[in-house]
Structure formats: C-alpha cells, structure tokens
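Just so it is clear: in the sequence shown, position 83 is 83 by UniProt numbering, and no numbers are missing.
Note that the Cβ used here is the ideal one computed from N, Cα and C, for glycine as well.
Source: prediction; values computed, not measured.
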Amino acid sequence: MRDLVEIGMGRTARRSYDLADIDIVPSRRTRSSKVVSTSWQIDAYRFDLPLVTHPTDAVVSPDTAVAIGKLGGLGVLNAEGVWARHADAQSALTRIVEAAKDGADQAELVQLLQELHSASIRTDLLTEAIRTVRDAGVTVAARVSPQHAAELTPQLLSAGVEILVVQGTIVSAEHVARDGDPLNLKEFIADLDVPVIAGGVSDYRTAMHLMRTGAAGVIVGHGYSPGVTSTDRVLGIGVPMATAIIDAAAARRDYLDETGGRYVHVLADGGVACSGDIAKAIACGADAVMLGAPLAAASEAPAGGLYWTAAAAHPSLPRSRVVPGPSRDVDFKTLLQGPSSDAEGVVNLFGALRRALAKTGYSDLKEFQKVGLTVRA
C-alpha cells in the first residue's frame, strides 16, 4: 500500500525517499572484492563499469568519451553541444572558464552558454567528433533532445553512433511539437537499428510507457545535482531518486512479465554525489548510473573543473547553473578506479562499488539489486 500523507483537505501526496534517506543492509555473508563483477550489458554492448556519462560539454569531449570508454564506461556526446557547433570547441569552453575566473556572475555565464549554443549545428563537426570516438574502438553514444531527434538522428547514425540517447528534462512516449506534429517514440525507435536509451522519467507509469516504445534503456531522474540544476526552482518539478528508481525497476519487472522476457535497463541520473550513492542507486534497482558533476573533478575534463548541464543553454528558460566542481588533482582512471587517499567517497568511485558488493556478499549487480534497504528515521 502506498504511503500517502494528507497535505490538506481532500488532497494527499505520496511520501517518497531520496538516496540520502536510505541505507544498505549487509547480508549474512561477505566475499572478496576480487571475485565481484560490476559489468553490465545493454543490447550487444558490454561495459565493465555501470557508468554512463551525463551528456554535458563540461565533462564529455570526443577525447574524454574515448578515455571513459577505455576505462569501461560509456561516454555520451551531446549532439547539440559546442562540439557540434564550433570548429574550435575547446576555445569556446575556455571562454566560459576565463569568464568564471574573471568573476562573471551566473547570469553572465548562462548568457555566454546561450550565445555559444545559438550557432548552428554543423554536420561536418558532428561527424568529426563521432569519428574520433569510433576510430578509438570504443562504443559510440550521442544524445539528442526529443525536439531535434528526428532531424539529427540520420546524421548521427551515418557518422557511426551505436547507442542513441534521447534525453530531455522530462520525456514522454509521445512528444507534441509546437506545430502539432508529435515525435512518436514507438514509431521512431522501430525504424532504428541501434538501441535507444530514453528519459528522464520519475514514476512507474511513465517508465512503463517508455519501455513499451521499444527503448533498450530508460533514464530515471532529471540530472539533479545540488547547487547545479535548478529544475525544482524553475519548474517546480523534483524527483526523490530512491523512490523513482524503485518505481522504474517495478515497471521493468512488470514489463518483463508482460513481454515474456524483454529486459529494459534502468539508468539513474541525478542525486549521485559519491560512491555510496552509486551503491544505493544500484541497490534500488538501477543497472547503471549517469554521472556528471562527480566527473568534472577529473584533470581531463574539458571545462577545467566547471560543471553545468545542457539545460543551462536553453535559449529562454535555463535550468542549470555554471558552478566550480571539487578541485582534485586526479585523472579519470584514478577517479573511477582508484587508488584513493580521500575518505569522502569521491575518488575510486567504482572500486568502492565493488567493495560494497563484497561487504554485503553479492557477486554481481543483478544480485545486488536484491540487497536489503532501510529508511532513516
């Protein structure tokens, strides 16, 4: 039975929980972390780490997508970002970094991002960026918004994209455009030969609808990062991640029964700041996490430690700030796989996940999704 709370006469709301509200319960056994697997697979693509990058220019360039791919994760390029709009994308990002150093306020930084994103998307630049990733031999993934999916996808597939991510703040099975012509995701996905990951969603019903479109994966959450995203302030929309992930996992289970065995992956995007949050997201039922802000601390991150989401560049209603990430002199390899001298769970993110599985006695991610959970009082 749902935990409903009366918030006024005749109006109830469901009580929900964030990752910070829950803890993982150890089981009766432990095992060596050397015999633990953190690998997962979506369609024909296997990854050693349950990591998909949040598609932001602040973290993902063609070079960093390659670096993350070689470390076992999946780097997702933003097909509507600066790498598709500017021949010298790094110089464009440097303008933001220098403006921040010179004391520009949030309004000025967001206006600069809006200016950089007002340039037209160039097919040649998009193709070049994708080719860099493809030629390195790692899986190629790119993100498009629902508004531009139909026009950009043919170019992306021609360039060599292997996994398509259709992502917006909120994605439904049918997006109605301004001219009244909808993007019907079911028809759109049926015409593609590559797996599609779609989202974000925050409830059982919407997750189930997206699964029924044929999506290979569903993104849960709105990329929320404290101090960075402002969707809750701008739109009044929020998503407590623990409950949202568990609801999506329930939809996955029911869809598995409905289809006689078709498994749709759940990706948690938001509310993950440290390795303990990664473990909790997997424990709630996620197959992988989408990370953005935690990766901005890597020395290779193209924005020099600054972080923002794609929503920062919205031309009329930005929903992300440009903020400095934690200053850490570490590369992606150390950040993801260690070793770490930091005791706060922000370095060796997936080494910690392996240890969490081992300490609770589970050998792989699917088993770990069955671990016990408690709610903090």
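query	result
Using a threshold of 8 angstroms, state whether the C-beta atoms of Val375 and Ile22 are closer than that.	yes
If you follow the beta strand (DSSP E) that Gly276 is in, where does it begin and where does it stop?	Note, Gly276: premise wrong, no beta strand (DSSP E); alpha helix (DSSP H) at Ser275 to Cys284.
Could you check what DSSP says for His222 in three-state terms: helix, strand or coil?	strand
Does the beta-carbon of Thr259 have 16 or more other beta-carbons within 10 angstroms, so that it is buried, or is it exposed?	exposed
Excluding the five sequence neighbours on either side, which residues of its own chain have a C-beta within less than 7 angstroms of the C-beta of Gly271, listed in chain order?	Asp18, Leu19, Gly221, Tyr224, Met241 and Asp277
With DSSP collapsed to three states, give me the class of Thr38.	coil
Could you give the C-beta distance for Val194 and Glu162, rounded to a whole number, given that I count them as a contact under 8 angstroms?	6 angstroms
Buried or exposed: residue 382, going by 16 or more other Cβ atoms within 10 Å of its Cβ?	As displayed, the chain neither begins before 1 nor continues past 377, which places residue 382 out of reach and without an answer.
Between Phe368 and Ala87, what straight-line distance do the alpha-carbon atoms span, to the nearest angstrom?	44 angstroms
Tell whether a beta-carbon distance below 8 angstroms holds between Ala141 and Val110.	no
For the alpha helix (DSSP H) that Thr206 lies in, which residues bound it at each end?	Tyr204 to Met211
Should Thr53 and Leu74 be called a contact, given that it needs their Cβ atoms to be closer than 8 angstroms?	yes
What three-state label does DSSP hand Ser230 in the structure shown?	coil
Quick check on the burial criterion: 16 or more other C-beta atoms within 10 angstroms. Buried or exposed for Asp57?	buried
Can you check DSSP and say which residues form a bridge with Pro373?	The amino acid at residue 373 is misidentified as Pro; the sequence shows Leu. Paired residues: Ile24.
Looking at the structure shown, is Val176 part of a helix, part of a strand, or coil, going by DSSP?	For Val176, the pLDDT reaches just 48, beneath the cut-off of 50, and the residue's location in the model is therefore unreliable, although a value from the coordinates is still provided. Three-state result, Val176: strand.
Look up residue 388 in the DSSP assignment and say whether it is helix, strand or coil.	In the structure displayed, the chain extends from 1 to 377; residue 388 sits before or after that span and is not available.
What number of angstroms, rounded off, separates the C-alpha of Gly304 from the C-alpha of Ala296?	8 angstroms
Can you check which of these residues, Tyr362, Leu336 and Ala311, is closest to Ala352 by C-alpha distance?	Leu336
On a CA-only basis, which of Ala343, Ala198, Gly338 and Pro294 is nearest Val59? Give me that one, please.	Pro294
Measure the alpha-carbon distance for Arg131 versus Gly168 and round it to whole angstroms.	25 angstroms
Are the beta-carbon atoms belonging to Ser39 and Arg29 less than 8 angstroms from one another?	no
Are Pro324 and Leu306 close, meaning C-beta to C-beta below 8 angstroms?	yes
Pull up the distance between the alpha-carbon of Asp287 and that of Pro50, whole angstroms please.	7 angstroms
For Arg253, which residues does DSSP report across the bridge?	Answer is none; Arg253 lacks a bridge partner.
If you reduce the DSSP assignment to three classes, tell me which class Arg15 lands in.	coil
Please check if any C-beta of chain B sits within less than 8 angstroms of the C-beta of His148.	Here there is only one protein chain, and chain B is not present.
By DSSP, does Ala100 sit in helix, in strand, or in coil?	helix
Can you give the Cα-Cα distance for Ala92 and Val138, rounded to whole angstroms?	26 angstroms
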